[in-house]
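Comments concern the structure below.
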Amino acid sequence: MLELIQTSGYSGTGLNAVIEHASAPKGSIYFHFPDGKEGLGVAAVELAAERFAELITQAAAASGGPGAAVRTAIEALTAIVAEGDFRLGCPVSVVTLEMGAESERLRQACATAFDAWIAPTAALLASSGLDADAARSLATVVVSTIEGAVILSRATRSTQPLESAAEVVAELVEQRCRAAEAGR
Numbered sequence: 001m002l003e004l005i006q007t008s009g010y011s012g013t014g015l016n017a018v019i020e021h022a023s024a025p026k027g028s029i030y031f032h033f034p035d036g037k038e039g040l041g042v043a044a045v046e047l048a049a050e051r052f053a054e055l056i057t058q059a060a061a062a063s064g065g066p067g068a069a070v071r072t073a074i075e076a077l078t079a080i081v082a083e084g085d086f087r088l089g090c091p092v093s094v095v096t097l098e099m100g101a102e103s104e105r106l107r108q109a110c111a112t113a114f115d116a117w118i119a120p121t122a123a124l125l126a127s128s129g130l131d132a133d134a135a136r137s138l139a140t141v142v143v144s145t146i147e148g149a150v151i152l153s154r155a156t157r158s159t160q161p162l163e164s165a166a167e168v169v170a171e172l173v174e175q176r177c178r179a180a181e182a183g184r
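Numbering (UniProt numbering), first residue to last: 1 to 184.
In structure tokens, the structure reads:
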């Protein structure tokens, strides 16, 4: 379901397509997801949240500071978008845009997913000297910018929006962290 949402959107992904894509018997889908497509959509959003949270954690562990971590995470997303021929986008933003006003359950799953990305980013920023409120605010800007850059990259079939986001956001993060360090 996750892969199909990335390429076809939530509305464009029917259960029959999921069953075919997964090579699974129809009964197993309903056994594991008795509430049908909505339950499967929630599970897909949760999986996307886990995967991106892992990406953030890995970038933070492998990089030399929060600016480098942000750049590393965006570079990894850039590779995913480019290697997917600009067909793969963020399934959470797709579900939010398509279903956020229609299904409270899906909207809440998307809000939780975004928070699962903002919270560890904020923790990384806070560990670099920003106070909790400033760290949360900047983390929200980082995630929002990445989401927008993915959409623009898909629309323009170019990695330039993501590359620009990596450069500017990493610089902003470094400036804010240096300013917090100087203010201590």
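Where is the CB? At the ideal position from N, CA and C, for every residue including glycine.
None of these values were measured; they are calculated from a predicted model.
- With 16 or more other CB atoms across the displayed protein chains lying within 10 angstroms of its CB, R176 is buried.
- Boundaries of the alpha helix (DSSP H) harbouring P66: 66-83, taken from the DSSP string.
- Within its own chain, the residues whose Cβ lies closer than 7 Å to the Cβ of G39, once the five positions on either side in sequence are excluded, are F33, listed in chain order.
- Ranked by Cα distance from A165, the options R178, R154, A179, G148 are led by G148.
- Distance from the Cα of T156 is smallest, within the candidate group A82, L125, D115, for A82.
- Judged by DSSP in its simplified three-state form, M99 adopts helix.
- Counting along the chain, the unbroken alpha helix (DSSP H) around G148 starts and ends at 132-156.
- Between A53 and T72, the C-beta gap is not smaller than 9 Å, which leaves the two residues out of contact.
- Listed in chain order, the non-local C-beta contacts of A170 below 6 Å within the same chain comprise G67, V70, R71, local neighbours out to five positions each way being set aside.
- The continuous stretches of alpha helix (DSSP H) do not include P25, and DSSP gives it neither H nor E.
- Judged by DSSP in its simplified three-state form, F31 adopts helix.
- CA-CA distance, F31 to P25, rounds to 10 Å.
- Counting the other CB atoms within 10 Å of its CB gives A48 a total of 16 or more, which places it among the buried residues.
- DSSP places G41 within a helical segment (H, G or I) once states are collapsed to three.
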